[in-house]
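Protein chains in written order, with my numbering: chain E, 2 to 390; chain W, 2 to 390.
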């Protein structure tokens with residue numbers, strides 16, 4: 002392989018478009034200037050458009066984990082009851098953060114190869130009053146996407162805040178923050194938003210603000226009150242990662258120019274092609290079709306194949322990088338990320354690499370079968386698209 | 002002026018060298034890869050060299066304020082007594098963070114136009130047991146640098162941890178972390194380290210680790226225990242700002258290639274030239290010479306001149322951006338940053354702009370007098386340097 006020509010298929014960080022890289026080379030400006038206010042206000046407005054919200058929204062200079070901590074630290078007091086919907090590795094992290102903020106966390110466990118069950122959530126909400134319900138929209142560790150529209154309807158009837166980890170979905174999957182009644186939605190920069198890591202974001206509903214005002218211990222860096230106060234001037238309370246904000250501005254321009262419906266349709270279609278392709282290779286998928294993520298696909302390793310060995314061969318001999326399993330799925334699956342700056346031939350390349358990696362490992366594969374299955378999906382959709390025009 | 006040709010003289014963010022900008026355009030890699038471990042371990046080792054420490058050190062994806070919170074949140078339990086040396090705006094922030102972490106903060110106030118008084122600190126340490134002493138090494142709001150070597154000797158004799166905010170000095174001013182017995186030193190990327198904002202760092206002495214193990218509430222994002230655990234693999238606990246780390250690696254290479262003694266001497270010499278230049282213009286300085294910062298100079302506005310008006314004219318008509326006063330010094334001073342990627346002609350340009358701005362405001366100035374005073378310092382030092390060779 003060409004040295005250093007690497008293809009990144011992990012579910013974040015995802016590839017960064019050249020226009021975004023270029024934007025980040027602009028000279029740094031002071032973050033107490035009017036030029037900065039102009040930049041920051043523009044980024045916030047564009048990101049609100051992608052969030053489909055009129056709620057307050059802040060861009061944060063930390064990772065998505067920090068944004069999750071911000072949501073909890075500003076709304077939950079020690080001893081408050083929080084319902085945590087456990088669907089995978091990142092849902093576990095959300096629950097851990099709630100506990101670290103002093104919440105009394107009730108865990109509602111679901112199988113890692115399926116979505117949340119709304120009936121069970123409804124039952125819990127009937128039994129007990131919670132301060133917050135925590136959900137992972139798109140569980141990056143399993144490739145399962147959860148029904149947050151349905152969940153929103155249930156939680157809105159209660160006093161609980163609905164907190165959504167949309168780190169690996171926002172910008173790739175349709176999230177109607179206001180219509181779904183999502184109180185706090187957090188995401189980060191290095192996934193479908195097409196940026197390097199380093200930024201996160203959070204939206205805050207009026208219902209959530211009501212809770213922020215009663216919260217005792219947000220500490221400092223993650224204090225939403227400080228973010229709200231400085232937003233009046235279009236500033237951030239602490240020094241922001243300015244060059245990443247240049248990049249986010251450029252990335253949001255690209256997303257809005259493509260148009261949200263087209264962006265979401267592209268992700269859905271490429272996700273379907275990846276799934277068809279994996280099945281064409283003869284592999285089984287972790288998530289059933291009805292809750293399959295448009296941004297990441299988790300694949301069971303076939304019998305006798307160590308997925309980490311497969312990933313090592315793909316990485317070292319083909320320059321193709323995929324992710325392994327996390328938590329209880331470590332050593333059992335591999336994961337193919339298809340979020341953000343991804344097109345048809347990225348899917349083809351990834352599938353071809355999986356086929357070649359398996360052959361290198363001595364596993365019987367009909368070369369080209371997975372690629373062909375994906376091509377058929379992509380061509381069928383094109384035909385359909387042409388007919389609809 | 003050439004549109005968009007802007008000269009940044011605020012005390013952070015400071016100018017970024019082209020080699021650093023270029024390094025940050027490299028493709029993003031996964032942060033659980035061995036390539037990342039190699040990058041991160043290298044950055045940490047180089048930064049330890051600049052810190053002059055063998056203590057553990059972590060690079061953080063947040064601002065310096067977050068690093069200050071990290072120092073306190075991991076070592077101070079609610080009710081612990083903390084001694085805060087108040088010397089300016091950023092010392093106030095450090096004290097606020099300590100209070101937000103539940104500490105009982107005792108404020109020891111010093112005039113904003115001078116350094117800490119070690120005798121008064123010694124007296125306090127004799128009277129009372131503190132968990133931590135907080136000091137701002139280089140008070141960015143006043144241009145005063147404090148004697149942390151002397152302070153280190155005093156605090157080392159007690160059970161208190163010495164926490165140093167070195168945000169605007171580290172990399173520009175000699176800080177011998179181990180020799181001075183500094184327990185936790187925090188800094189951030191956008192000052193003398195020549196990077197855009199978005200990264201911070203913290204060093205942790207064995208004495209500080211002893212306290213971390215007894216601390217109840219670090220929460221999650223700033224948990225030092227998590228940083229220590231993942232460092233075994235050369236990883237960070239949460240997604241790091243990878244492209245900024247590429248930049249930091251390149252910036253540290255530049256600093257170490259120039260050599261720490263030369264880097265510190267350059268800052269000291271340019272600081273002296275700025276001060277001589279300001280006096281040549283007829284202006285008075287906030288900090289006396291004996292505690293004057295090598296990285297930022299605060300200047301009193303002359304009678305009848307609004308410093309913010311002067312800054313506005315320099316910014317809008319000359320493209321030269323300086324900073325205003327903060328806290329009690331707002332509307333009374335302006336500040337000239339000279340940290341990181343700064344050379345002789347940056348000083349000349351900044352001084353010429355101050356002269357021209359004052360003339361534009363109708364204030365009587367002998368054009369060129371400040372520039373000449375700086376030139377004399379720079380030439381005299383060159384002569385001396387030549388004779389010493």
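We treat Cβ as the ideally placed atom computed from N, Cα and C, and that holds for glycine.
Open item on the list: Just to make sure I have the definition right: I need the residues of chain W whose C-beta is within less than 8 angstroms of the C-beta of residue 7 of chain E. Which are they?
Closed with: Here residue 7 of chain E corresponds to residue number 6 of the first chain, with the count starting at 1. 28, 30, listed in chain order.
Task: residue 18 of chain E beta carbon near the ligand GDP (any heavy atom closer than 7 angstroms) - done: Inclusion of the ligand GDP in the displayed structure is not the case, the ligand content being empty and no account of it being possible.
Open item on the list: Do residue 202 of chain W and residue 162 of chain W have their beta-carbon atoms positioned less than 8 angstroms apart in this structure?
Closed with: Here residue 162 of chain W refers to the residue found at position 161 when the second chain is read from its first residue. Here residue 202 of chain W refers to the residue found at position 201 when the second chain is read from its first residue. Cβ distance not < 8 angstroms, so residue 162 of chain W and residue 202 of chain W don't count as in contact.
Open item on the list: Runs of 3 residues minimum, wholly inside the region 120-170 of chain W: which ones carry the beta strand (DSSP E) assignment?
Closed with: 133-137, 162-166
Task: Inter-stretch contact at 8 angstroms, needing at least 3 Cβ pairs: the region 340-350 of chain E / the region 304-318 of chain E - done: no
Open item on the list: For a cutoff of 8 angstroms on Cβ pairs, would you count residue 98 of chain W as touching chain E?
Closed with: Locating residue 98 of chain W in the second chain gives position 97, counting from the first residue. Judged by the 8 angstroms Cβ criterion, residue 98 of chain W is in contact with chain E.
Task: Under 8 angstroms from the C-beta of residue 70 of chain W: neighbouring residues of chain E - done: As a first step, residue 70 of chain W must be located in the second chain, where it is residue number 69. The answer, in chain order, is 220, 221, 222.
Task: Under 8 angstroms by beta carbon: chain E residues contacting residue 115 of chain W - done: For the purposes of this step, residue 115 of chain W is identified with residue 114 of the second chain, where counting begins at 1. Simply none; closest approach about 26 angstroms.
- [ ] Specify whether the region 258-277 of chain W and the region 231-246 of chain W touch according to this definition: at least 3 beta carbon pairs, one from each stretch, less than 8 angstroms apart.
- [x] no
Open item on the list: Distance cutoff 8 angstroms, beta carbons only. Does residue 18 of chain W sit that close to anything in chain E?
Closed with: As a first step, residue 18 of chain W is located in the second chain; it is residue number 17 there, counting from the start. Not an interface residue.
- [ ] Check the Cβ-Cβ distances between residue 239 of chain E and every residue of chain W, and say whether any is below 8 angstroms.
- [x] Counting from one through the first chain, the residue named residue 239 of chain E turns up at place 238. Yes, its Cβ sits closer than 8 angstroms to a Cβ of chain W.
TODO: Leaving aside the five residues before and after residue 251 of chain E along the sequence, list all residues of the same chain whose C-beta is less than 6 angstroms from its C-beta, in chain order.
DONE: Position 250 of the first chain holds residue 251 of chain E. Counting only Cβ-Cβ distances below 6 angstroms, and skipping sequence neighbours, we find 20, 21, 24.
TODO: Ignore the nearest five residues each way along the sequence and tell me which others in residue 184 of chain W's own chain have a CB closer than 6 angstroms to its CB.
DONE: The residue given as residue 184 of chain W occupies position 183 in the second chain. The answer, listed in chain order, is 162, 163, 206, 208, 209.
Open item on the list: According to DSSP, simplified to helix, strand and coil, what is residue 83 of chain W?
Closed with: The residue you call residue 83 of chain W lines up with position 82 of the second chain. It is a strand residue.
- [ ] Closer than 8 angstroms by C-beta to residue 373 of chain W: which residues in its own chain qualify, once you throw out the five before and the five after it? Chain order, please.
- [x] For the purposes of this step, residue 373 of chain W is taken as the residue at position 372 of the second chain. Taken in chain order, the residues that qualify are 281.
TODO: Output the residue ranges of the beta strand (DSSP E) runs that lie fully inside the region 178-205 of chain W and measure 3 residues or longer, sorted by chain position.
DONE: 185-189, 201-205
- [ ] Thinking residue 256 of chain W and residue 199 of chain W are a contact (beta carbons under 8 angstroms), I'd like their distance in whole angstroms, please.
- [x] Against the second chain, residue 256 of chain W aligns to sequence position 255. Against the second chain, residue 199 of chain W aligns to sequence position 198. At roughly 18 angstroms, the Cβ-Cβ gap does not stay under 8 angstroms, so residue 256 of chain W and residue 199 of chain W are not in contact.
Open item on the list: So for residue 331 of chain W, helix, strand or coil by DSSP?
Closed with: Position 330 of the second chain, counted from the start, is the residue given in the question as residue 331 of chain W. Looking at residue 331 of chain W - three-state DSSP - the assignment turns out to be coil, as it is neither helix nor strand.
- [ ] Alpha carbon to alpha carbon, how far is residue 294 of chain W from residue 87 of chain W? Give it in angstroms, no decimals.
- [x] Sequence index remark: in the second chain, residue 87 of chain W carries index 86 (1-based). Sequence index remark: in the second chain, residue 294 of chain W carries index 293 (1-based). Residue 87 of chain W and residue 294 of chain W: Cα-Cα distance of roughly 17 angstroms.
Open item on the list: Here's the rule I'm using: 16 or more other beta-carbon atoms within 10 Å means buried, otherwise exposed. How should residue 249 of chain W be labelled?
Closed with: Sequence index remark: in the second chain, residue 249 of chain W carries index 248 (1-based). Looking at its Cβ environment, which holds 16 or more other Cβ atoms inside 10 Å, residue 249 of chain W is buried.
- [ ] Measuring alpha carbon to alpha carbon, tell me which of E:100, E:60, E:187, E:195 ends up nearest residue 242 of chain E.
- [x] Taking the first residue of the first chain as 1, we reach residue 242 of chain E at position 241. With distances taken between Cα atoms, residue 242 of chain E lies closest to E:60.
Task: Listed by chain order, chain E residues near residue 101 of chain W by CB distance under 7 angstroms - done: On the second chain, position 100 is the one that residue 101 of chain W refers to. Going along chain E in sequence order, the residues near residue 101 of chain W (Cβ under 7 angstroms) are 220, 221.
Open item on the list: Can you tell me whether residue 65 of chain E is buried or exposed? The criterion is at least 16 other CB atoms within 10 Å of its CB, across all chains shown.
Closed with: For the purposes of this step, residue 65 of chain E is identified with residue 64 of the first chain, where counting begins at 1. Residue 65 of chain E comes out buried.
Open item on the list: Here's the rule: buried if 16 or more other CB atoms are within 10 angstroms of the residue's CB, otherwise exposed. What is residue 367 of chain E?
Closed with: Here residue 367 of chain E refers to the residue found at position 366 when the first chain is read from its first residue. The residue in question, residue 367 of chain E, is exposed, as its Cβ has fewer than 16 Cβ neighbours within 10 Å.
Task: Residues bridged to residue 220 of chain W (per DSSP) - done: Locating residue 220 of chain W in the second chain gives position 219, where the first residue counts as 1. Paired residues: none, contrary to the question.
TODO: Examine chain W for any beta-carbon lying closer than 8 angstroms to the beta-carbon of residue 76 of chain E, and answer yes or no.
DONE: Walking along the first chain from the start, residue 76 of chain E turns up at place 75. Chain W, which has no Cβ nearer than 8 angstroms to the Cβ of residue 76 of chain E, makes this no.
TODO: For the region 66-84 of chain E and the region 37-48 of chain W, state whether three or more C-beta atom pairs, one from each stretch, are separated by less than 8 angstroms.
DONE: no
Open item on the list: Do residue 178 of chain W and residue 53 of chain W have their beta-carbon atoms positioned less than 8 angstroms apart in this structure?
Closed with: Along the second chain, read from residue 1 onward, the residue named residue 53 of chain W stands at position 52. Along the second chain, read from residue 1 onward, the residue named residue 178 of chain W stands at position 177. Going by C-beta atoms, residue 53 of chain W is nearer than 8 angstroms to residue 178 of chain W.
TODO: Quick one: give me the first and last residue of the beta strand (DSSP E) that residue 299 of chain E is part of.
DONE: Walking along the first chain from the start, residue 299 of chain E turns up at place 298. From DSSP, the beta strand (DSSP E) with residue 299 of chain E extends over 297-301.
Task: Close Cβ partners of residue 33 of chain E (< 7 angstroms) along its chain, the five nearest in sequence each way excluded - done: By 1-based counting over the first chain, the position of residue 33 of chain E is 32. Correct list, in chain order: 236.
TODO: Specify the secondary structure class of residue 111 of chain W as computed by DSSP and reduced to three states.
DONE: Counting from one through the second chain, the residue named residue 111 of chain W turns up at place 110. Of the three classes helix, strand and coil, the one that applies to residue 111 of chain W here is coil, per DSSP.
Task: Amino acids of chain E, ordered along the chain, whose beta-carbon sits closer than 9 angstroms to that of residue 66 of chain W - done: As a working note, residue 66 of chain W is residue 65 in the second chain. Per Cβ cutoff of 9 angstroms: 221, 222, 238, 239, 240.
Task: Below-8 angstroms beta-carbon distance, residue 213 of chain W vs any chain E residue - done: Here residue 213 of chain W is taken as the residue at index 212 of the second chain, counted from 1. Taking Cβ atoms only, chain E never reaches closer than 8 angstroms to residue 213 of chain W, which makes this a no.
Task: Secondary structure, alpha helix (DSSP H): runs of 4+ residues fully inside the region 335-377 of chain W - done: 345-361
Task: Burial state of residue 211 of chain W, where buried means 16 or more other Cβ atoms lie within 10 Å - done: Locating residue 211 of chain W in the second chain gives position 210, where the first residue counts as 1. That one is exposed.
TODO: Determine which residues share a DSSP beta bridge with residue 59 of chain W and list them.
DONE: Along the second chain, read from residue 1 onward, the residue named residue 59 of chain W stands at position 58. DSSP lists W:203 as partners of residue 59 of chain W.
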